[in-house]
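> In terms of this note's numbering, the sequence shown is residues 364 to 560. Glycine is no exception: its CB is placed at the ideal position from the N, C-alpha and C atoms. Every value quoted in this text rests on a predicted model; they were computed, and no experiment measured them.
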Amino acid sequence: MPRAADPGLDAPVRDTLLRAAIVDAARRTTASDGWSAVTMSRLASDVGVSRQTVYNEVGSKPELAQALVLDELGRFLARVDEGFDAHPNDVHAAVETAVRGVLDFAHDNALIAAIVAGTHGADTDLLPLLTTSSLPLLDVARAVVARRVAAHCDDEARVASTTDVLVRVTLSHVMQPGDTPARTATQLADAVQRLLA
Numbered sequence: 364m365p366r367a368a369d370p371g372l373d374a375p376v377r378d379t380l381l382r383a384a385i386v387d388a389a390r391r392t393t394a395s396d397g398w399s400a401v402t403m404s405r406l407a408s409d410v411g412v413s414r415q416t417v418y419n420e421v422g423s424k425p426e427l428a429q430a431l432v433l434d435e436l437g438r439f440l441a442r443v444d445e446g447f448d449a450h451p452n453d454v455h456a457a458v459e460t461a462v463r464g465v466l467d468f469a470h471d472n473a474l475i476a477a478i479v480a481g482t483h484g485a486d487t488d489l490l491p492l493l494t495t496s497s498l499p500l501l502d503v504a505r506a507v508v509a510r511r512v513a514a515h516c517d518d519e520a521r522v523a524s525t526t527d528v529l530v531r532v533t534l535s536h537v538m539q540p541g542d543t544p545a546r547t548a549t550q551l552a553d554a555v556q557r558l559l560a
């Protein structure tokens, strides 16, 4: 069973590690038993701290939900950075690699599967954070992707509109795949190249 961070660490480091441990425990529980099984008491037990400490670190359960989704988004955006880093001078190859990485990661992601498939009955509290109430998620994703796309185009308006299309369509395929990750990635890379041309 994981335990709380070492009390000998500096407070900011300890708090960051503790928050990460709580969010990770919430991810594991959601993937295995559903979001409804995530309680502050269970997280406290899993991490080895008091229930009040969990509240102090992550706030209410809706705040924990947002932290969980944004943390997972960071894992997806790491794939975006990997794709663009691998092809710094070729926007088509960069987008294709980035989208393929995101969709492959989504395919094998137990948390996304639990949220999207509704494998735990009517446990859908997290779904709006990926769909109807996804503005914070979209804002973070657009900022990261726009920064990478801007390296290939100096027209700010074109970068913004292209980024919006790329992020929204990719998220749509994360939620409901329409083709293989490889074909989807190639199609989106073609579209981005045309939009930036």
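So Phe-468 and Phe-447 are supposed to be a Cβ contact under 8 Å. How far apart are they, rounded?
Position 105 of the sequence shown, counted from the start, is the residue given in the question as residue 468. Position 84 of the sequence shown, counted from the start, is the residue given in the question as residue 447. Wrong, their Cβ atoms sit about 15 Å apart, outside the cutoff.
> Distance check for Asp-471 and Ala-552, CA to CA, integer angstroms please.
As a working note, residue 552 is residue 189 in the sequence shown. As a working note, residue 471 is residue 108 in the sequence shown. Ala-552 and Asp-471: Cα-Cα distance of roughly 22 Å.
> How is Asn-419 classed by DSSP in three states: helix, strand or coil?
As a position in the sequence shown, residue 419 is number 56, starting the count at 1. In the structure shown, Asn-419 sits in a helix (DSSP, three-state: H, G or I).
> Taking Cβ positions, are Arg-505 and Thr-526 nearer each other than 8 Å?
Residue numbering aside, residue 505 sits at position 142 when the sequence shown is read from its first letter. Residue numbering aside, residue 526 sits at position 163 when the sequence shown is read from its first letter. Cβ atoms of Arg-505 and Thr-526: closer than 8 Å.
> Does Ala-485 pass the burial test, meaning 16 or more other C-beta atoms within 10 Å, or should it be called exposed?
The residue you call residue 485 lines up with position 122 of the sequence shown. No answer about Ala-485 holds up, because its pLDDT of 43 lies below 50 and its placement is not dependable.
> Taking only the alpha-carbon atoms, compute the straight-line gap between Ala-449 and Val-508 and give it to the nearest angstrom.
Residue numbering aside, residue 449 sits at position 86 when the sequence shown is read from its first letter. Residue numbering aside, residue 508 sits at position 145 when the sequence shown is read from its first letter. In a straight line, the C-alpha of Ala-449 is about 15 Å away from that of Val-508.
> Roughly how many angstroms separate the alpha carbons of Arg-463 and Leu-529, rounded to a whole number?
Reading the sequence shown from its first residue, position 100 is the one you call residue 463. Reading the sequence shown from its first residue, position 166 is the one you call residue 529. Between Arg-463 and Leu-529, the C-alpha separation is close to 12 Å.
> Return the chain-ordered ranges of every alpha helix (DSSP H) run that is complete within the segment 507-545 and spans a minimum of 4 residues.
Entirely contained in the segment 507-545, the alpha helix (DSSP H) runs reaching 4 residues are, in chain order, 519-538.
> Could you give the DSSP three-state label for Val-432: helix, strand or coil?
If you number the sequence shown from 1, residue 432 lands on position 69. Correct three-state label for Val-432: helix.
> Closest to Leu-534 by CA distance: which of Asp-517, Ala-520, Val-443, Trp-398 is it?
The sequence position of residue 534 within the sequence shown is 171, counting from 1. Closest option to Leu-534, Cα to Cα, is Val-443.
> To test your reading of the DSSP string, which unbroken alpha helix (DSSP H) runs of 4 or more residues are found completely within the segment 388-413?
Here the runs fully enclosed are 403-410.
> Distance check for Ser-404 and Leu-501, CA to CA, integer angstroms please.
Position 138 of the sequence shown, counted from the start, is the residue given in the question as residue 501. Position 41 of the sequence shown, counted from the start, is the residue given in the question as residue 404. Going by the C-alpha atoms only, they are around 31 Å apart.
> Do you know offhand how far Asp-387's Cα is from Leu-431's?
For the purposes of this step, residue 387 is identified with residue 24 of the sequence shown, where counting begins at 1. For the purposes of this step, residue 431 is identified with residue 68 of the sequence shown, where counting begins at 1. Roughly 8 Å separates the two Cα atoms.
> Counting C-beta neighbours from all protein chains within 10 Å, is the total for Gly-541 16 or more, i.e. buried, or is it exposed?
By one-based count along the sequence shown, residue 541 stands at place 178. The residue is exposed, with fewer than 16 neighbouring Cβ atoms inside 10 Å.
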